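Residue numbers (my numbering), protein chains in the order written: chain X, 2 to 471; chain D, 13 to 348; chain B, 369 to 852. Note that beta-carbon positions come from the ideal geometry of N, C-alpha and C, so glycine has one too. The structure presented is a predicted model; accordingly, all values stated were derived computationally and were not measured. Notes to accompany the following structure.
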Amino acid sequence: MNNLRLLMPETVLATLALVVAFVDLVLPARKSRVLYHLGWLSAAGVLGWVALTMGDSSAHGTGTLWAADPFSQFFKMTTLLTCALCLLLGLDYAELPDSGAGTFSALMLLSTAGLMYLVSATDLLLVFVALELVSISSFILAGFERRNPKSNEGSMKYFLFGAFSSAIMVFGISLYYGATGTTKLAAAGAVPGPMLILALVLILLGFGFKASLAPMHFWVPDAYEGAPTPVTTFLSVAPKLATFAAIARVFGAIFPLQTYDLTLLVSIIAALTMTAGNFTAMFQTDVKRLLAYSSIAQAGYLLIGLAAGSPLGREGVMLYSFVYVAMNVGAFAVVQAVGSAKGSYDLSAFDGLYKRRLGLALALMFCLLSLAGIPPLAGFIGKMVIFSSAVQAGQWWLAVVGVLNSCVSVYYYFAIAHRMFFKEPSDDSAIPVGAYVCGGVAVAVVGVLLFGVHPEPLLAGVRASAKMLP
Amino acid sequence: MIHSVHTNDMRLMGGLSKKMPITFLTMGCAIVAIAGIPFTSGYYSKDMILANIWHSGDKALFWCMLLTALMTAFYMSRLFILTFWGDDRDHEKHHHAHESPFLMTGPLVVLAFLALASGVLLDRNGLVYKLLPKPSISVAATAHGAEAPAEAAKADAHAATAPEAHAPAEAHAEGHGEHAEGHLPHWLHLALPFLVLGSIGLAFFFYRGPDYAAADSMKSSLSALFTVLDRRWYLDDAFDALVRLCDKVAALAFWIDANVVDRVFVDGWGLLTRIVSEISNLLDALVVDRTVDGFGGLSLDLGVGLRGLVKDGQIQEYLMYVAIAFSLAATLILTR
Amino acid sequence: MNMLSLITFAPLVGALIILCIPKEKEKAIQTVAFIFAGISLIASLAMIPGFDKGTHEMQFVERFAWIPSFGVQYFLGVDGLSFPMILLTTFMSVIALIGSLGIEKRVKEYFFWFLVLEVGMLGVFCALDLILFYVFWELTLVPMYFLIGVWGGPKKEFAAIKFFLYTLTGSVFMLLAILALYFAAPTHTFDMLELAKLTGGWDRTFQILVFLGLYFGMAIKVPAFPFHTWLPLAHVEAPTAISVILAAVLLKMGVYGLLRISYTLTPLGFQWFLPALAAIAVINIVYGALCAMAQTDMKKMVAYSSVNHMGYCLLGIAGMTSAGFAGAVFQMITHGIITGALFLLVGVIYDRAHTRDVSAFGGLAVKLPVYAGLMSLTCFASLGLPGLAGFIGEFLCFLGAFQTWKWHAAVAVLGIIATAAFFLRMMQKVFLGKFNEKWAGLEDMTARELVSIVPLAALTVLFGVYPKWPLDLMNKTLEHMLGK
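Spelled out as structure tokens, the structure:
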């Protein structure tokens, strides 16, 4: 039982998800908001549990298909944090039907549970199953606004793409099995041959779908634009980060083998991802779409850390992941507040926000600056560590591409800031902000500012958590 | 003069001696001195300079200097005659001309006195050498060799005893009799004042009348030379042209800066980025979307096609399909 | 008493307080801004007696571990090179604040961003840890974006984003170079003093590459040809007080960085680049002056004259002698004062006439004698008239460069002539000649304008006749730098 005990938190979370779904059946419709509270409290509870057992080595170990180590616990915490924040945002999102509250919460929790299984997986089978759990939950969540044609379209595209990439991934896993005789990751004694290389490439592409890496990123803008904003927030953060953890684990076991080097391939994918994301974002007029492309680019930056293939790179990915939660959730929270109030997510909805609600404008600006990597904000610290891992590994061209892309990204982030601060609003009324959105924004901004000026605790924590088993 | 007549143009002046007597007299003293009439201050300084040049051996330079000294006498006298002598040329201006107040004429008188007397005063007892140190390198030194420099050096070092040192040096030099320092050869020394008077006379001859026909005819016959001199050797024009050229160069530099350096190399990157971005955007919207839609369309067509296969709902057809599939599978397996 | 932290962060405290004041209470906001900028100024002046001119070591050092996991420290200190810069920054900030009193819209945000900008500028000059230096360097970008973009001229938004993106592009290459240095040091550190001792262990190619990375960032700020084209645009579009700060302080960050970082940390790279640096200096001087000569907008003229003056700094540095370095640093100080005054003066006429076109005026000296006098003094100082501060800097730069770069210095003299030409022509067109009746209603300078400009004029004259005091501050440090 020790084996299963390692996965207690996620199992508990999945159970709680089912509990929420059950409660939904018996609860009258007008009290459905309780279900959101149930949801985020469950997430917060499990988060606290995982946090408390972080330092406890008895909670760590390897199981049949999984391992619980500080590395996985770290990513579980980021995922749970994201889930809790997004459920809070969902409380203030008017377009979510009340009747679907239970389903929504349950699906979010299930998706999170799936992600938690994903980061702990040491066997490709569990990786696949976890990914499917996440994907299916996400497909439904993305299409939750049934009356919105964009939501339907986005969800459909997401599904089609997802099915396609799942197929690729399964094919890769089967090739892997054919090459090594097992689906376990720590396949030491693996015979490096064309079949194994092909397997790894296909598995990487399968991961690339979830992590929005080029060339598997094409579903992102439509899905993000159409999905309800809390779901977009969740999708842009949690699956991406967990997938990066999984990639680190999968390829961390393989990279040390120097007989073939996937570093170049990963570097090229990173460069393509950043470029595709940043350059296409420049002329977007819909803010959600713009932030979707921005999140594609951010995935590219994260991949640089993995391309470096060093412990510093891994630390960079972990640090950037944590900071990314704060920045992206903060940005999307403000976007949700403004978009809901205005009824449109067009850039023009942000005109003159400084007059209508200065706090929101400043918060969004800080988050955007952090995403662009401007000091003294947390995003800069993250980018600094990532770029230094690239420099340390001698990947100069990748570092240069990275920093140039950061510059390009400033242009479209400032397009939003320009609207907020330089333009006059069409009407001067203050934007109504729900308490939960306000809370979410506050937490995010505090994180962005605090970890920019005092990143030491986070860095030390990351360094302590970088240990991976086996 | 300018103040009282309100013009600089000498051709409009004339006959001011009657209207401005003090100015007339003081100006006269100054002209006389600067022309180099003997015993005025100008005479002493010119004499010394010319003597030294003569003794330096550069004869060409000497005759040049002599010529310019005579020209000085000429044009100064011309100035004096045109402005103060004879009859007025412009009645209006002459009518308004008046003597200047004491504040202006007072200094004129003092300066006129100095112009006439300072030469004599300074030369007396070698006063000038008391006030100025004797140069260690002098024209005489090169001619005399070591003696004078040694004495000159001694003179420099003992400035307080300068007169005593200088006097023996001078006497020593004079004692030699020949290239006496500070003096022109005798014949030249005597000829000089006559030459000066001659050029003054020439000026008088040319310009004494109300109009100056002789001068004008000379001007027209030497018109080319006159033009060059009038245009100040075209130096002013050259400078003007240089400034205009600089302005053109400046405009060119700015044009390059704004249009080449800025627009091409800086804004150009921005444009390039925008183009790449547009391409990326188009790719996304047209290629990718179309592809996805294409898949959808393909699936639909396939579905319609396949549906067409079974639309009649005949069981016989279904069984036939099963049989075909089974036989294909059997063939594949059995023929491995 | 942590003087440097006090000086650097007092404006930040002021900025946070301003955020809390309601935006209608403009007088209160302005008072708070003056108080906290004044605290920085007084504190920096108070450091003068405590500053030991006889040593090249860092003084007023503050050192705390900031991010030990990454080898980053909170390390502040000043020496003869940075102390004059600190004084210049605090002083010019107060002057610019006086010049900002005319701002009427969105006063609260303006003073907030201004104070944040001041924090960044001060931090750049006293930071001795490379990451800390970088953080402060980047910190100046966002306030400038807003200050230009909201309160600027007709093309303010374009100027703001161009300035931001251009400077940022250079800065990120600087970041890469800094990271390269970090990993090249056996004891991974960002400490500038530590790294300076380790330069012997780095090979020439590495130093050249790192130098180029650093140079790209610095050159854009200096601004060195051909990375200077953001300057005319930003200067013209920025509001008067921001132009003053931009010219007086922000441009100095580039030259300071060249001396403090590029020269000390990548000496071989610096040596390799010297011929190019001298050539670029001459181009800056001559080309900048020529471009200025072609202008009809007075503000743009002064902006290009800034390009020209920073060329003298580069020339002085390229000379690699103590006279050259001293000239460069002195020129930095005096250029800040003189060009700051010039921008304020141009602002004076613009506030009244709403045009800066040189040909639009004529004979103003009759109506505005005080203004004409101050403008003439400042123009003469700018063109390097002996007896005024500009001459000392230029002269020392030429003196320092002449030994090694005779021909460059000779060609650079043309730049001085061109500078004289356009300044004198501008003065002639604006102040002399027939009075243009259109401006019969113009008034001479107000008390506020005088308070901001007269101290600058006084310093110009003072440093022109008695440059010993600033030169003494910097001598020991610069000599030590060259003695290595």
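{"query": "For L509/B and A545/B, the rounded distance between their alpha carbons", "result": "19 Å"}
{"query": "Cβ neighbour criterion (16 or more within 10 Å) applied to G851/B", "result": "exposed"}
{"query": "Residues of its chain near W220/X, where Cβ-Cβ distance is below 7 Å and the 5 sequence neighbours each way are ignored", "result": "K158, Y159, F162"}
{"query": "I516/B, buried or exposed, once every other Cβ within 10 Å from all chains shown has been counted against 16", "result": "buried"}
{"query": "Best match in L186/X, G360/X, Y225/X, W41/X for proximity to R290/X [C-alpha to C-alpha]", "result": "Y225/X"}
{"query": "Per-residue DSSP class, three states only, for T181/X", "result": "helix"}
{"query": "Rounded distance between the beta-carbons of G708/B and A615/B, thought under 8 Å", "result": "6 Å"}
{"query": "Of the residues Y56/D, H108/D, F206/D, L318/D, the one placed nearest M25/D, counting alpha carbons only", "result": "H108/D"}
{"query": "Spatial distance of G730/B from T19/D (CA atoms)", "result": "26 Å"}
{"query": "Pair within 9 Å by beta-carbon distance, T95/D and I34/D", "result": "no"}
{"query": "Identity of the residues DSSP links to E430/B by a beta bridge", "result": "L444/B"}
{"query": "W220/X, DSSP secondary structure in three states", "result": "coil"}
{"query": "Interfacial residues, the stretch 355-378 of chain X to chain B, with Cβ spacing under 7 Å", "result": "L370, I375, P376, P377"}
{"query": "Helix, strand or coil at G62/X according to DSSP, with G and I counted as helix", "result": "strand"}
{"query": "Any chain X beta carbon closer than 9 Å to I336/D", "result": "no"}
{"query": "V487/B versus L498/B: straight-line alpha-carbon distance, rounded", "result": "17 Å"}
{"query": "heavy atom of the ligand ADP below 8 Å from K260/D C-beta", "result": "Among the components of this structure there are no ligands whatsoever, and the ligand ADP is therefore not found."}
{"query": "Neighbour flag for V276/D against chain X, beta carbons, 9 Å", "result": "no"}
{"query": "Bridge-paired residues (DSSP) for A69/X", "result": "G62/X"}
{"query": "Closest Cα partner of A95/X within the set G462/X, F422/X, V434/X, L459/X", "result": "V434/X"}
{"query": "Three-way DSSP call (helix, strand, coil) for F377/B in this model", "result": "helix"}
{"query": "Secondary structure of I435/B, DSSP reduced to three states", "result": "strand"}
{"query": "Per DSSP, cross-strand counterpart(s) of A122/X", "result": "W67/X"}
{"query": "Three-state class that DSSP yields for D497/B in the structure shown", "result": "strand"}
{"query": "Where the stretch 542-574 of chain B meets chain D: residues whose CB sits under 7 Å from a CB there", "result": "none"}
{"query": "Secondary structure of D59/D, DSSP reduced to three states", "result": "helix"}
{"query": "Interface positions of the stretch 438-466 of chain X facing chain B (Cβ-Cβ less than 7 Å), listed along the chain", "result": "P456, E457, L460, A461, R464"}
{"query": "Boundaries (first-last residue) of the alpha helix (DSSP H) holding S389/X", "result": "379-393"}
{"query": "Three-state secondary structure assigned by DSSP to D99/D", "result": "coil"}
{"query": "Whole-angstrom distance between D420/B and I629/B, CA atom to CA atom", "result": "23 Å"}
{"query": "Residue-level contact to chain B via CB, Y302/X, 9 Å cutoff", "result": "no"}
{"query": "Under 7 Å from the C-beta of A263/D: neighbouring residues of chain E", "result": "Any reference to chain E falls outside this structure, whose protein chains are X, D and B."}
{"query": "F266/D versus V781/B, L636/B, I651/B, residue with shortest Cα-Cα distance", "result": "I651/B"}
{"query": "Presumed contact (8 Å Cβ cut-off) between S1/X and Q393/X, rounded CB distance", "result": "The first residue shown for chain X is 2 and the last is 471, placing residue 1/X beyond what the model contains."}
{"query": "CA-to-CA distance, G48/D to A657/B, given in whole angstroms", "result": "50 Å"}
{"query": "Residue interval of the alpha helix (DSSP H) (run including W397/X)", "result": "397-423"}
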